[in-house]
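In our numbering, the protein residues as written are 2 to 456.
Every residue gets a Cβ at the ideal spot worked out from N, C-alpha and C, and that includes glycine.
No experiment lies behind these values; they were computed from the predicted model shown.
These notes are about the structure you will find just below.
Quick look at the structure:
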């Protein structure tokens, strides 16, 4: 399969957005299959830059596959739409394959098959007689009883559900557990023979099973943090929060235990939209310098759109780059100037003394209006704008929108816009006051600001 660079994918997507060319025209222009172009565009719509970046793993658990199929059925998505929603680079064919496996074998059929070559070592023979096998009438009663007992042992072992599929696919711990359960009824040497376990391995696994789960307490703590944040935290943030609670643990241990518990961050970056107007002459003073040395030194803002049952709601927040805190925000069902005007009024009311932050935005028409610029000038704020068609110039705001939609909007269902309004207020409060950020030393934005001002 052909490999395409991230820069090429981004160029194709930007060409699609800017020039308005169709998939077929772009495919011909760049010498790429039209289906591939469509996939890049759809994945970029859903996931932004992450949709065209290289993915380092294509492993999918059975639980994840089942989640994809259920979401596709519940939301009546096509295979291609489901693939775009969950950023499956194989496209709709991957979802179709999972659906076929599920229809034929249920959820069990979705479990990944072992990778790699089959073992080169030939199976061990059950017996290696030095002499030709005896006829039944020549064998002693003891030999017949021995063979009969071995067959009974093998049948009993294979009836254990965890051992179905032969000893090659069952782990040594599973096989040892089965041997322990059958040991009272069958000779140990025969059980070890049919289970293909050495005596030392069996006793090692038996001892491990007897000691119980040494991570039981840690698993409970991981579950508690995961549930408290409604599945939004991955293993890194959970590790940090456990550390803040005085429970120091290695992040790899948390990652491994979360995998064993079937816990996975539900967050997947989603679609980013920006309402853009005509090109303005305001320079890009921020120039992607997203670090601020103190509060209210640099602000960024933008507008994003939500759709609930055909009704739209627009959100206009402003973020302080010092700690990522949402300083102020406004919501409206129409993208009129009061949406941005009221947001700016609320944000300016937070300033004290001679504070006059640089305020960066894209080239949306709202930010080019004389009323908006006059308010900035009256308060002494400098205006900065992204270059035309360059969303990375406002990446900090784009990142917040991606987090907001993936952690809140796409994990919930809303009956109306009013429910969405209430939920957005709660989430932004949670984001500012409770959601820890690793780059803020494990503190929430508000806690980090308070610590900095108190230092």
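According to DSSP, is residue 454 helix, strand or coil?
DSSP places residue 454 in helix when its eight states are reduced to three.
Can you find the residues in the same chain that come closer than 7 Å, C-beta to C-beta, to residue 297, ignoring five residues on each side of it along the sequence?
Same-chain partners within the cutoff: 321, 352, 356, 358.
Where DSSP assigns a beta bridge to residue 327, which residues make up the other side?
Bridge partners of residue 327: 320.
Is it buried or exposed, residue 323, if we count other Cβ atoms within 10 angstroms and call 16 or more buried?
Under this definition residue 323 is a buried residue.
Run through DSSP, which three-state label would residue 347 get?
If DSSP states are grouped into helix, strand and coil, residue 347 belongs with the helices.
My assumption, with CB atoms under 8 Å, is that residue 433 sits in contact with residue 418. Please give the rounded CB distance.
Wrong, their Cβ atoms sit about 23 Å apart, outside the cutoff.
With a threshold of 8 Å, are at least 3 pairs of Cβ atoms found where one atom belongs to the stretch 173-188 and the other to the stretch 215-225?
Output reads no: the stretch 215-225 does not touch the stretch 173-188.
I'd like the span of the beta strand (DSSP E) that includes residue 300, first residue to last.
Element bounds for residue 300: 299-302.
What span of residues does the alpha helix (DSSP H) with residue 203 cover, start to end?
Per DSSP, residue 203 belongs to the alpha helix (DSSP H) from 200-211.
Taking just the CA atoms, how far does residue 199 sit from residue 412?
Their Cα atoms are separated by approximately 49 Å.
For a quick check, are the C-beta atoms of residue 345 and residue 310 less than 8 Å apart?
Cβ distance not < 8 Å, so residue 345 and residue 310 don't count as in contact.
Measuring alpha carbon to alpha carbon, tell me which residue in 15, 79, 453 is nearest residue 53.
Of the listed residues, the one whose Cα sits closest to residue 53 is 15.
For residue 166, which residues from the same chain have a beta carbon less than 6 Å from its beta carbon, with the 5 sequence-adjacent residues on both sides left out?
Note that residue 166 scores a pLDDT of 40, beneath 50, so its modelled location is shaky; the value from the coordinates is reported in the next line. No residues qualify anywhere along the chain.
By the 10 Å Cβ neighbour count, where 16 or more other Cβ atoms means buried, how is residue 242 classified, buried or exposed?
Looking at its Cβ environment, which holds 16 or more other Cβ atoms inside 10 Å, residue 242 is buried.
In its own chain, which residues sit with a C-beta less than 8 Å from the C-beta of residue 334, not counting the 5 before and 5 after it?
If we look at residue 334 and ignore the five residues flanking it on each side, its Cβ neighbours are 312, 313, 314, 315, 418.
Give the secondary structure of residue 309 by DSSP, where H, G and I count as helix, E and B as strand, and everything else as coil.
Of the three classes helix, strand and coil, the one that applies to residue 309 here is strand, per DSSP.
Tell me the DSSP secondary structure of residue 315 in three-state form.
It is a strand residue.
Please list, in chain order, all residues of the same chain as residue 111 whose beta carbon is under 7 Å from its beta carbon, the five residues on each side excluded.
Within the same chain, residue 111 has close Cβ partners 63, 66, 67, 99, 102, 103.
Classify residue 417 as helix, strand or coil using the three-state DSSP reduction.
Three-state result, residue 417: coil.
With H, G and I counted as helix, E and B as strand and the rest as coil, what does DSSP make of residue 8?
Residue 8 falls in the helix class under three-state DSSP.
For residue 348, I'd like the list of residues in its chain whose CB is within less than 6 Å of its CB, leaving aside the five on either flank, ordered along the chain.
Answer for residue 348: 319, 328, 329, listed in chain order.
From the DSSP output, in three-state form, read off residue 1 for me.
Outside the displayed range of the chain (2 to 456) lies residue 1, so it cannot be described from this structure.
Suppose you measure from the CA of residue 79 to the CA of residue 38; what does that come to, to the nearest Å?
Taking the straight line joining both Cα atoms gives about 18 Å.
From residue 48 to residue 266, what distance separates their C-alpha atoms?
Rounded to whole angstroms, residue 48 to residue 266 spans 16 Å at the Cα level.
List the endpoints of the continuous beta strand (DSSP E) containing residue 67.
Unbroken run through residue 67 is the alpha helix (DSSP H), 63-75; no beta strand (DSSP E).
Under the rule that 16 or more other beta-carbon atoms within 10 Å means buried, what is residue 397, buried or exposed?
Residue 397 should be labelled buried.
Closest to residue 88 by CA distance: which of 41, 71, 109, 76 is it?
Residue 88 has its Cα closest to that of 41, out of 41, 71, 109, 76.
Looking only at C-alpha atoms, which of 404, 428, 81, 282 sits nearest to residue 385?
If we check each option's Cα against that of residue 385, 282 comes out closest.
State whether the stretch 233-240 contacts the stretch 252-264, with contact taken as three or more CB pairs (one from each stretch) at a distance under 8 Å.
Cβ pair count under 8 Å is three or more, so yes.
Comparing C-alpha positions only, which one of 428, 455, 414, 421 sits nearest to residue 76?
Taking only the C-alpha atoms, the option nearest residue 76 is 414.
Which partner residues does residue 386 have in the DSSP bridge list?
Partner(s): 362.
Just tell me which of 286, 248, 268, 244 has its CA closest to the CA of residue 439.
Nearest option by C-alpha distance: 244.
From what residue to what residue does the alpha helix (DSSP H) around residue 335 run?
Neither: residue 335 is in no alpha helix (DSSP H) and is coded neither H nor E.
For residue 46, tell me which candidate among 186, 288, 379, 82 has the shortest Cα-Cα distance.
Of 186, 288, 379, 82, the residue nearest in Cα terms is 82.
Have a look at the DSSP bridge pairing and note the partners of residue 444.
Partner(s): 438.
Just to confirm before moving on: does the CB-CB distance between residue 317 and residue 304 stay below 8 Å?
Contact flag set, yes.
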